[in-house]
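Counting from 18, one number per residue, gives the positions in the sequence shown under my numbering. Ideal Cβ placement from N, Cα and C applies to all residues, glycine included.
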Amino acid sequence: MSSTFELSAAQAGRRKKRAGSKGGRGLKDVKAVVLAGGRGTRLAPYTTILPKPLMPVGERSILEIVVEQLEQAGVVDIRFSVGYLSHLIRAVFDNRQANGAEITYVAENDALGTAAPLKLMTDLDSTFVVMNGDVLTTLDFGDLVRYHREQGNALTIATHNRSIKIDYGILHVDVADRVRAFEEKPEIVSAVSMGIYVMEPAVLEHIPEGGYFDFPDLVGALLEASLPIGAYRSKDLWFDIGREEDYERAVDAWSENGNGNGKSKAVRPPNDSRPEKAKGGR
18 MSSTFELSAA QAGRRKKRAG SKGGRGLKDV KAVVLAGGRG TRLAPYTTIL PKPLMPVGER
78 SILEIVVEQL EQAGVVDIRF SVGYLSHLIR AVFDNRQANG AEITYVAEND ALGTAAPLKL
138 MTDLDSTFVV MNGDVLTTLD FGDLVRYHRE QGNALTIATH NRSIKIDYGI LHVDVADRVR
198 AFEEKPEIVS AVSMGIYVME PAVLEHIPEG GYFDFPDLVG ALLEASLPIG AYRSKDLWFD
258 IGREEDYERA VDAWSENGNG NGKSKAVRPP NDSRPEKAKG GR
């Protein structure tokens, strides 16, 4: 597994001093790993020029909002797992004014999936948060960690209810192929992962050395080992920014709910001559 971990002696000294200082608040004892190395292919052509976590929401990028939220929760140790267009992420955060958290980078020289990069991190020796770098949410990180610890989980997955509309009539058929019920275009509500997790160090033992390993693989390994996995149900604002229409909807809603600066507009890729959509015309 090929990687680089960058942390200067001065940074290590400042981190040790912060960790040992009295006072502080919130999650100062909780490290955060932000996965920001994906190519974001579903959001092309935007992501041909920007990594998805740097997509703008008003005057800031999604990743800047994420880091600010973690800092407000009290996190002082944030690690970025980077790969695709990582120099742009570094350019933004290496020139950013320090606001309480030390940011370091782990570089994926090969695509490793969403769980394998955790094996590249040093000293994840206590409760830590892992999240995708393109998650836009108002979730309370402090409450998520509190719930995780109270439940005694090895892994807690932040979840959100999503409704899926089935465009067909659904038949309920018994073993004799007799219809027992008929539902016309039912709506199915399921708990889906928000891409935010809280973990204990024991989880890392179930990630193999080297190669590609995703979170579904990790969940399967933990279930097989009978380790407790919990679901934290959130009703907070949350957007999964996968496609262009998801991104545009998220930008509008984020600002409309008082989280933007009133100037949020979805940017268009270069040479895009499509007319602007009228507000509310989606």
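By DSSP, does S251 sit in helix, in strand, or in coil? Coil, per DSSP.
Complete beta strand (DSSP E) runs within the region 181-225 (minimum length 3 residues, chain order): 186-190, 196-201, 204-216
Write down the C-beta distance between H177 and M211 rounded to the nearest angstrom, noting that I regard them as a contact closer than 8 angstroms. 5 angstroms
Host alpha helix (DSSP H) of R107 (start-end): In the DSSP assignment, R107 falls within the alpha helix (DSSP H) that extends over 103-111.
For the alpha helix (DSSP H) holding F158, just list the boundary residues, first then last. 158-168
Mind checking which residues open and close the alpha helix (DSSP H) that includes A83? First, the residue type needs correcting, since residue 83 is Val and not Ala in the sequence shown. In the DSSP annotation of this structure, the continuous segment of the alpha helix (DSSP H) that includes V83 starts and ends at 79-89.
Could you say which of L239, L240, V152 lies nearest to A53 if we only look at CA atoms? V152
Inter-residue CB distance, Y101 and P68 (contact presumed, cutoff 8 angstroms): 6 angstroms
With DSSP as the reference, label S243 as helix, strand or coil. coil
Considering just the uninterrupted stretch of the beta strand (DSSP E) at Y122, what are its terminal residues? 119-125
C-alpha gap between R138 and Y229, whole angstroms: Arg is not the amino acid found at residue 138; the sequence shown has Met there. Going by the C-alpha atoms only, they are around 16 angstroms apart.
Range of the contiguous beta strand (DSSP E) that encloses V146: Following the DSSP letters along the chain, one finds V146 inside the beta strand (DSSP E) bounded by residues 145-149.
Is N278 helix, strand or coil by DSSP? Bear in mind that a pLDDT of 42 at N278, under 50, signals an unreliable position, so the model cannot answer this.
What three-state label does DSSP hand A53 in the structure shown? Under the three-state reduction of DSSP output, A53 falls in the strand class.
Could you tell me whether the Cβ atoms of D253 and T154 are closer together than 8 angstroms? yes
From P73 to V196, what distance separates their C-alpha atoms? When the Cα atoms are used, P73 and V196 turn out to be separated by approximately 51 angstroms.
Go ahead and pull the three-state DSSP assignment for D231. coil
Could you please give me the residues that DSSP links to V268 through a beta bridge? In the DSSP output, where bridge partners are listed per residue, V268 has none listed.
Pair within 8 angstroms by beta-carbon distance, Y16 and L172: For the chain, the structure presents residues 18 to 299; residue 16 sits outside this window and is missing.
When you compare the CB positions of L80 and I120, do they come within less than 8 angstroms of one another, or not? no
Go through its chain and collect everything with a Cβ distance to A270's Cβ below 6 angstroms, but skip five positions before and after it. In its own chain, leaving out the 5 sequence neighbours on each side, no residue places its CB closer than 6 angstroms to the CB of A270.
Taking only the alpha-carbon atoms, compute the straight-line gap between V162 and L141 and give it to the nearest angstrom. Spanning the two alpha carbons is a distance of roughly 15 angstroms.
Within 10 angstroms of the Cβ of V51, are there 16 or more other Cβ atoms? Answer buried if so, exposed if not. buried
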